[in-house]
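Residue numbers for the sequence shown follow numbering that gives the first Met the number 0, so the first one is 0 and each next one is one higher.
Down below is the structure, laid out as structure tokens.
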Amino acid sequence: MNGAMVTWACLVAEAELREPLPRRWAHSQGVAQRATEVAGVPGDDVGLLVSAAVLHDVGYAPRLAVTGFHPLDGARFLRDVHAADERLVRLVANHSLALLEAEERGLRDVLEVEFPLLDDQLLVDALVYCDMTTAPDGEMTSAEARLAEITARYGAHSLVGRFIGRAAPDILSAVGRVDTALASQPR
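As structure tokens, this is what we get:
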């Protein structure tokens with residue numbers, strides 16, 4: 000594991016989220032914990048996964064919200080301010096099927112050009128898994144419960160509700176692929 004990257008990522012996420020958004024910080028910590036639990040899935044990229052997990056929602060920080068689309072705002076912050084690892088930035092930009100939400104916001108082309116999706120499907124799936132099996136308070140949950148919570152919080156007809164409705168089948172497929180990968184690992 001790239002311990003230096005993980006330590007740096009935790010410090011950056013904490014600095015941006017802990018005070019202004021304590022619940023979002025708790026969620027980010029929980030997602031990072033889930034990433035350590037699925038360490039065998041990404042193999043040598045576990046440090047990258049844990050770093051992306053703790054930073055995936057950094058774009059919600061009020062001082063970073065430029066477009067109001069947290070994956071894009073967070074990725075730009077990591078790229079422009081911190082010159083972060085390109086793969087890390089691309090994972091943050093595209094976490095949890097962000098391209099579909101970007102499309103709802105009229106930002107899909109911008110996201111695709113600035114931060115192309117990584118080709119490593121299992122790594123991308125692992126971040127979806129970690130995010131979508133962690134409740135807002137950082138506790139473990141099922142993907143189905145998490146999808147229902149997001150829909151209830153934002154409303155089914157809101158922009159986020161429409162996105163989650165469209166993304167749900169792909170989110171559940173990603174979670175299923177990670178569950179399969181985890182089940183096939185030696186214990």
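Note that CB positions come from ideal geometry on N, CA and C, so glycine has one too.
query                                                                                                                                                                  : result
Please classify E138 as buried or exposed, where buried requires at least 16 neighbouring CB atoms within 10 angstroms.                                                : exposed
When the distance is taken between beta carbons, is L48 closer than 8 angstroms to A25?                                                                                : no
Which residue wins for smallest C-alpha separation from P208, given the options D136, R165, L90 and E18?                                                               : Residue 208 lies beyond the stretch modelled for the chain, which goes from 0 to 186, so this question has no answer here.
State the start and end residues of the unbroken alpha helix (DSSP H) segment that holds D169.                                                                         : L158 to A182
Taking the runs of the beta strand (DSSP E) that are 3 residues or longer, which of them lie wholly in the region 53-118?                                              : none
If you drop the 5 nearest sequence neighbours on each side, which residues of the same chain put their C-beta closer than 6 angstroms to that of A52?                  : V30, A31, A34 and C129
If you reduce the DSSP assignment to three classes, tell me which class T35 lands in.                                                                                  : helix
Check whether the region 139-150 and the region 100-115 are in contact - that is, three or more C-beta pairs closer than 8 angstroms.                                  : no
Put T6 into one of helix, strand or coil per three-state DSSP.                                                                                                         : helix
When the distance is taken between beta carbons, is P70 closer than 8 angstroms to A92?                                                                                : yes
Check the C-beta distance from A74 over to V88 and give it rounded, since I have them as a contact under 8 angstroms.                                                  : 5 angstroms
So L121 and P185 are in contact, right, with Cβ under 8 angstroms, and what is the actual spacing, rounded?                                                            : Not really, about 17 angstroms apart at Cβ, beyond 8 angstroms.
Evaluate R145 with the Cβ neighbour count: other Cβ atoms within 10 Å of its Cβ, from every protein chain shown; 16 or more gives buried, anything less gives exposed. : buried
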